[in-house]
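Enquirer:
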Amino acid sequence: MVQLVLSNRYGNVLAFEEINRLSMEVLIKTKDIVQQLGYELVYADTDSVFIKRTDSARGYNQVIDTLSKETGLSISVDFHYKFLILLPLEADEKIEVLKHYFGITFDNELVVRGIEIRRHGVPAFIKRFQTQLLYTLFDCKDSSEILLKGYENALLLVTQAIDTIMTGEGFDDKDLVISKLLRQDIQKYRSLFPHVSAAIQSRRYPLKGETIQYIYTDSKHNNPLRRVVPIENPASLPPYDKEKYKEMVLDAAETVLGFFGFNRTVYSNLNKGRKEWY
């Protein structure tokens with residue numbers, strides 16, 4: 700990934716407009732230069748381009764030097780990916796989502812944008828699971844091995860994560876606590892979002908800007924105020940909603956493995972008709 704750097708020091712609206720105009724010109728010029736030099740342009744967004752070498756022996760010094768000279772900007776290679784997956788828009792699978800991708804570098808560093816790991820309001824258990832899922836998926840020498848070994852090992856990890864949630868063994872319940880910012884005063888909310896419901900139930904009166912912690916206890920309850928419980932004493936947590944957290948695991952798995960045809964209904968039906976999880 701090649702990074703382009705432009706900034707608006709004073710936050711002026713007209714300056715933002717001019718930066719956007721210049722950025723578009725630079726981005727188009729960058730695209731033309733990259734392709735003229737024989738690199739494959741994989742993806743481009745507001746401040747960077749993702750390029751691929753068509754010749755394995757070729758480095759990136761030539762394109763960096765040329766772009767710096769032609770644009771007059773500071774150009775650098777942020778990441779050298781071993782594997783990269785650009786996630787499609789739900790509305791159109793042919794269009795990649797802006798800032799919505801994940802990959803791993805040759806230095807074994809995960810780079811993720813727009814998925815659960817980077818989102819606020821996602822419990823630590825889910826973030827840790829998705830991180831491990833990515834490392835498991837990418838623990839391969841090439842893309843063909845990912846489709847076989849990597850994907851199969853990832854599916855096994857999904858099963859193990861669901862088993863952990865359903866049995867309640869091998870993890871700390873505190874990792875299921877969700878933290879979310881109260882962006883406005885409680886009375887200004889027009890819907891009972893989970894963190895708002897938790898704030899209303901709190902023994903104190905949370906103010907705008909405070910972080911609300913809660914856990915799902917009965918996500919299907921008709922009363923929104925009975926779906927979650929605020930966490931004011933982390934040492935004493937209520938029983939959690941296993942099905943809700945299992946769905947969170949499947950959501951995180953689908954984000955990563957949906958590209959490969961992941962079918963979450965297989966896991967949804969595993970315990971159908973059973974009184975307990977095995």
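Residue numbers (the numbering used here): 700 to 977. Heads up, the beta-carbon is just placed ideally off N, CA and C, and yes, glycines get one too. These figures come from a predicted structure and were not determined experimentally.
Pick from Pro923, Gly908 and Glu909: whose alpha carbon is nearest that of Tyr915?
Expert: The shortest Cα separation from Tyr915 among Pro923, Gly908 and Glu909 belongs to Pro923.
Enquirer: Mark Ser773 as exposed unless 16 or more other C-beta atoms lie within 10 angstroms of its C-beta, in which case mark it buried.
Expert: Counting Cβ neighbours within 10 Å, Ser773 comes out exposed, since fewer than 16 surround it.
Enquirer: Check for me: the beta strand (DSSP E) holding Lys781 runs from which residue to which?
Expert: Residues Tyr780 to Pro787.
Enquirer: Looking at the structure shown, is Arg827 part of a helix, part of a strand, or coil, going by DSSP?
Expert: Arg827: helix per DSSP, three-state reduction.
Enquirer: State the start and end residues of the unbroken beta strand (DSSP E) segment that holds Glu739.
Expert: Segment Glu739 to Ala743, the beta strand (DSSP E) holding Glu739.
Enquirer: Which one or two residues does DSSP pair with Gly802 in a beta bridge?
Expert: DSSP lists Leu783 and Val810 as partners of Gly802.
Enquirer: Given a cut-off of 7 Å, decide if Ile718 and Phe958 are closer than it, judged by their beta-carbon atoms.
Expert: Not closer than 7 Å, so no.
Enquirer: I need the boundaries of the beta strand (DSSP E) containing Leu880, first residue and last residue.
Expert: Looking at the DSSP string, the run of the beta strand (DSSP E) that includes Leu880 is Ile877 to Leu880.
Enquirer: To the nearest angstrom, how far is the alpha carbon of Gln761 from that of Phe778?
Expert: Distance between the alpha carbons of Gln761 and Phe778: 16 Å.
Enquirer: Quick check: the Cα distance between Ile885 and Phe824, rounded to an integer number of angstroms?
Expert: Rounded to whole angstroms, Ile885 to Phe824 spans 28 Å at the Cα level.
Enquirer: For Glu792, which residues in the same chain have their Cβ closer than 8 Å to its Cβ, ignoring the five residues on either side in sequence?
Expert: In this prediction, Glu792 has a pLDDT of 48, which is less than 50 and means its spatial position is unreliable; nothing more can be read from the coordinates.
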